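Asker: Shown below is the structure under consideration.
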Amino acid sequence: MDIKAKIIDEQGLVRTITRLAHEIVEKNKGSKNIVLIGMRTRGEFLAERIKAKISEIENFEPSFGILDVTLYRDDFRTRLKQPEISVTNITFDVNEKDIILIDDVLYTGRTVRAALDAVMDLGRPNTIQLCVLVDRGHRELPIKADFVGKNIPTSINEEVRVRLKEIDGEDAVYLVNAPK
Amino acid sequence: MSLSSKHLLGLYGVPKEDIQLILDTATTFREVLERPIKKVPTLQGKTIVNLFYENSTRTRISFELAQKRLSADTINFSTSTSSTKKGETFKDTVRNIEAMKVDMIVVRHQSAGVPQYLTKISKANIINAGDGLHEHPTQGLLDMYSIRERLGKLEGLKVCIVGDVAHSRVALSNIFGLKTMGAQVTVCSPSTMIPIGIEALGVKVIHNINEAIANNDVLNVLRIQLERNAGVRIPSLREYHQYFGVTTERIEKFNRDILILHPGPINRGVELSSEVADGPYQVILDQVTNGVAIRMAVLYLLGTMH
Chain A
1 MDIKAKIIDE
11 QGLVRTITRL
21 AHEIVEKNKG
31 SKNIVLIGMR
41 TRGEFLAERI
51 KAKISEIENF
61 EPSFGILDVT
71 LYRDDFRTRL
81 KQPEISVTNI
91 TFDVNEKDII
101 LIDDVLYTGR
111 TVRAALDAVM
121 DLGRPNTIQL
131 CVLVDRGHRE
141 LPIKADFVGK
151 NIPTSINEEV
161 RVRLKEIDGE
171 DAVYLVNAPK
Chain B
1001 MSLSSKHLLG
1011 LYGVPKEDIQ
1021 LILDTATTFR
1031 EVLERPIKKV
1041 PTLQGKTIVN
1051 LFYENSTRTR
1061 ISFELAQKRL
1071 SADTINFSTS
1081 TSSTKKGETF
1091 KDTVRNIEAM
1101 KVDMIVVRHQ
1111 SAGVPQYLTK
1121 ISKANIINAG
1131 DGLHEHPTQG
1141 LLDMYSIRER
1151 LGKLEGLKVC
1161 IVGDVAHSRV
1171 ALSNIFGLKT
1181 MGAQVTVCSP
1191 STMIPIGIEA
1201 LGVKVIHNIN
1211 EAIANNDVLN
1221 VLRIQLERNA
1231 GVRIPSLREY
1241 HQYFGVTTER
1251 IEKFNRDILI
1261 LHPGPINRGV
1271 ELSSEVADGP
1281 YQVILDQVTN
1291 GVAIRMAVLY
1301 LLGTMH
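Heads up: the protein sequence lines correspond to chains A and B, in order. Following the working numbering, the numbering of the first sequence begins with 1 at its first residue and continues without gaps. Following the working numbering, the numbering of the second sequence begins with 1001 at its first residue and continues without gaps.
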């Protein structure tokens, strides 16, 4: 990993998640009708942390699910490697719910497009809102996040790496040079 | 991860990692089948031909559903309504179908080796849906999936295949797959239904159904195939049931933890008593549901390969 800068450190991440949780609850006027859906892999752990924070603020635990969008991707024919798929785990009814879709980095918007299709196949939610830890720009589709942890202007030759304790052993967000 | 071959012709020689990948991928599709909208857009734009030269309900419907649920375009071909009746050769039929630009061919044929031959005359991915007395790989896979779903593993399990092993492609695919995954395989049936030299495949041969029930974790009970002339190898169906039929009394006496599989269609009162076929020890209908998930997994893994 060719690191250019550390953008968020461990304490920074705690603060960001706290703020995002407050914003989500504020915008939805409470937490009674919201459900959190984390997108594999890192969105899943972010969603879990946001859920814990919301439970703390609201004294109410919102439902939580995990979404795998591999089957809905648009790059099956162009990618060199066959993507690995894993299971979507959403055990509750999404009809009439306010869904908060949570991911680590928002970039081209294609993953979010796939996620929207995937959620629609599960039912007809009241709203779908997007929450991302980092928005790095360079959108290829008309998609915008409702809740953003940090906006980071990047060049196409850079990458944003979100590292979380659950799988990477540390909490941090780095700006790195893309591997050639 | 992707499969090591672009075709699925049989389970013979298929590496453990490939079988593992197919079974794991099927778990994802099992979840899709529980959704209100049981369809994903993954194989949009792919064209699949189902080439069925032999009768089939379960397998054909299962493949067709799997294809539709992956959003592929499908064409069905069966001999009774085709130009084969007018004398067109198999090779010409396939060449013509391929000229219409198809991506995958699912084939069932009464002659062993037809799927293998197809790989030589067509560029499409070939999936064997049963060829003669050779193999029926997706059935083998769905059997293994159903066992793993219930018992949590395959390695170290004792599985006994009961019935007309000599005339069963399901038996061969099960033997190859289960051996690769580290299970111990036994076959149990009258000597007339066991091919000479089957021990060479690493399986044990027994002739006593009570012993089979007592010493195994799983029984995969095959159908007595009257259409394949099984009648000449046993004195009567009634006698077969008496000596080799799986009944509740036998299960309760020898092994209450046994898991019963059957590839269908069942001959009630022959290889299984009606009570067992509907009872708590069997997973026959789960096998059918899992079959769709397994076929989706195979189609997905082959269809999105580069």
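We put the CB at the ideal spot given by N, CA and C, even for glycine. As the structure is a computational prediction, the values presented were derived from the model and not from experiment.
In this structure, how does DSSP classify histidine 1109 (chain B) when only helix, strand and coil are distinguished?
Answerer: Three-state result, histidine 1109 (chain B): strand.
Asker: Less than 8 Å between the beta carbons of isoleucine 1209 (chain B) and valine 1246 (chain B), yes or no?
Answerer: Cβ distance < 8 Å, so isoleucine 1209 (chain B) and valine 1246 (chain B) count as in contact.
Asker: With distances taken from CA atoms, which of A:Asn126, A:Lys4, A:Phe45 and A:Asn33 is nearest leucine 133 (chain A)?
Answerer: The residue with the shortest Cα to Cα distance from leucine 133 (chain A) is A:Phe45.
Asker: Between tyrosine 1053 (chain B) and alanine 1112 (chain B), what straight-line distance do the alpha-carbon atoms span, to the nearest angstrom?
Answerer: C-alpha separation (whole angstroms): 12 Å.
Asker: State the start and end residues of the unbroken alpha helix (DSSP H) segment that holds glutamate 1239 (chain B).
Answerer: Run containing glutamate 1239 (chain B): 1237–1244, per the alpha helix (DSSP H) assignment.
Asker: Relative to the C-alpha of serine 1122 (chain B), which residue among B:His1306, B:Asp1092, B:Arg1060 and B:Leu1157 is closest?
Answerer: When each option's Cα is compared against that of serine 1122 (chain B), the closest is B:Asp1092.
Asker: Name, please, each residue of chain B whose Cβ falls closer than 7 Å to the Cβ of isoleucine 37 (chain A).
Answerer: Neighbours of isoleucine 37 (chain A) on chain B: none; closest Cβ ~14 Å, over 7 Å.
Asker: Am I right that valine 1221 (chain B) and leucine 1261 (chain B) are in contact with their C-beta atoms under 8 Å? What's the rounded C-beta distance?
Answerer: Rounded, the Cβ-Cβ distance is 7 Å, consistent with contact.
Asker: Can you name the residues of chain A whose CB is closer than 8 Å to the CB of proline 1015 (chain B)?
Answerer: Per Cβ cutoff of 8 Å: no residues; proline 1015 (chain B) is ~16 Å from chain A at best.
Asker: Quick one: give me the first and last residue of the alpha helix (DSSP H) that arginine 113 (chain A) is part of.
Answerer: It spans 110–120 - the alpha helix (DSSP H) in which arginine 113 (chain A) sits, taken as one unbroken run.
Asker: Between valine 1298 (chain B) and chain A, is there a C-beta pair that is closer than 8 Å?
Answerer: So, not an interface residue.
Asker: By the DSSP assignment, the alpha helix (DSSP H) with aspartate 168 (chain A) in it spans what residues?
Answerer: Element bounds for aspartate 168 (chain A): 165–168.
Asker: Got a sec? Which residues, its chain only, sit under 6 Å from leucine 1001 (chain B) by beta carbon, not counting five neighbours each side?
Answerer: Before going on, a small fix: residue 1001 (chain B) reads as methionine here, not leucine. So the qualifying residues of the chain are Leu1021.
Asker: Can you tell me whether DSSP reads glycine 1130 (chain B) as helix, strand or coil?
Answerer: Glycine 1130 (chain B) falls in the strand class under three-state DSSP.
Asker: Hey, could you find the ends of the alpha helix (DSSP H) glycine 1177 (chain B) is sitting in?
Answerer: Note, glycine 1177 (chain B): alpha helix (DSSP H), 1169–1180.
Asker: Measure from the C-beta of glutamine 11 (chain A) to each C-beta in chain B and report whether the shortest distance is under 8 Å.
Answerer: Taking Cβ atoms only, chain B never reaches closer than 8 Å to glutamine 11 (chain A), which makes this a no.
Asker: Looking at the strands, I want to know which residues DSSP matches up with methionine 1144 (chain B).
Answerer: DSSP output for methionine 1144 (chain B) lists no bridge partner at all.
Asker: May I have the straight-line CA-CA distance separating glutamate 1227 (chain B) from arginine 1058 (chain B), to the nearest angstrom?
Answerer: Taking the straight line joining both Cα atoms gives about 17 Å.
Asker: Taking 8 Å as the cut-off, decide whether the C-beta atoms of arginine 73 (chain A) and alanine 21 (chain A) are in contact.
Answerer: Taking 8 Å as the Cβ cut-off, arginine 73 (chain A) and alanine 21 (chain A) do not qualify as a contacting pair.
Asker: Answer with yes or no whether the minimum CB distance from threonine 1047 (chain B) to chain A is below 8 Å.
Answerer: Not an interface residue.
Asker: To which residues of the same chain is arginine 163 (chain A) closer than 6 Å at the C-beta, ignoring the five residues directly before and after it?
Answerer: Glu170 and Ala172.
Asker: Pairing CB atoms from the region 1003–1018 of chain B with CB atoms from the region 1124–1137 of chain B, are three or more of them under 8 Å?
Answerer: With the cut-off at 8 Å, the region 1003–1018 of chain B and the region 1124–1137 of chain B touch.
Asker: Against chain B, which members of the region 21–49 of chain A pass a CB distance test of less than 7 Å?
Answerer: For the region 21–49 of chain A, which is checked against every Cβ of chain B, not one residue is closer than 7 Å.
Asker: Is the number of C-beta pairs between the region 1241–1255 of chain B and the region 1096–1115 of chain B that are closer than 8 Å three or more?
Answerer: Counting Cβ pairs under 8 Å, fewer than three are found: no touch.
Asker: The beta strand (DSSP E) spanning asparagine 1076 (chain B) covers which residue range?
Answerer: It spans 1073–1078 - the beta strand (DSSP E) in which asparagine 1076 (chain B) sits, taken as one unbroken run.
Asker: Does any residue of chain A have a CB that is nearer than 8 Å to the CB of lysine 1004 (chain B)?
Answerer: The sequence shown places serine at residue 1004 (chain B), not lysine. No, its Cβ sits nowhere closer than 8 Å to a Cβ of chain A.
Asker: Tell me the residue span of the alpha helix (DSSP H) that contains threonine 1119 (chain B).
Answerer: Segment 1114–1121, the alpha helix (DSSP H) holding threonine 1119 (chain B).
Asker: Quick one: measure Cβ to Cβ for leucine 1157 (chain B) and leucine 1151 (chain B), integer angstroms, because I've assumed they're closer than 8 Å.
Answerer: That pair is a contact at about 6 Å.
Asker: Suppose you measure from the CA of asparagine 963 (chain B) to the CA of serine 1078 (chain B); what does that come to, to the nearest Å?
Answerer: Coverage of chain B is limited to positions 1001 through 1306, which leaves residue 963 (chain B) absent and any answer about it impossible.
Asker: For tyrosine 174 (chain A), which of helix, strand or coil comes out of DSSP?
Answerer: Tyrosine 174 (chain A) falls in the strand class under three-state DSSP.
Asker: Within a Cβ cutoff of 8 Å, which residues of the same chain sit near glutamate 1275 (chain B), ignoring the five residues on either side of it in sequence?
Answerer: Result list for glutamate 1275 (chain B): Thr1247 and Thr1248, in chain order.
Asker: Does threonine 1139 (chain B) pass the burial test, meaning 16 or more other C-beta atoms within 10 Å, or should it be called exposed?
Answerer: Residue identity differs from the one stated: residue 1139 (chain B) is glutamine in this sequence, not threonine. Classification for glutamine 1139 (chain B): buried.
Asker: Within the continuous alpha helix (DSSP H) that includes methionine 1296 (chain B), where are the two ends?
Answerer: Taken as a continuous stretch (DSSP letters only), the alpha helix (DSSP H) holding methionine 1296 (chain B) covers 1284–1303.
Asker: Pick from A:Leu13, A:Gly30 and A:Ile37: whose alpha carbon is nearest that of isoleucine 128 (chain A)?
Answerer: For the residues A:Leu13, A:Gly30 and A:Ile37, the minimum Cα distance to isoleucine 128 (chain A) belongs to A:Ile37.
Asker: Less than 8 Å between CB atoms is the rule here; does glutamate 1149 (chain B) satisfy it with respect to chain A?
Answerer: So no, glutamate 1149 (chain B) is outside the interface.
Asker: Using only alpha-carbon positions, find the residue among B:Gly1013, B:Gly1045 and B:Thr1028 that is nearest to valine 69 (chain A).
Answerer: Minimum Cα distance to valine 69 (chain A) is reached at B:Thr1028.
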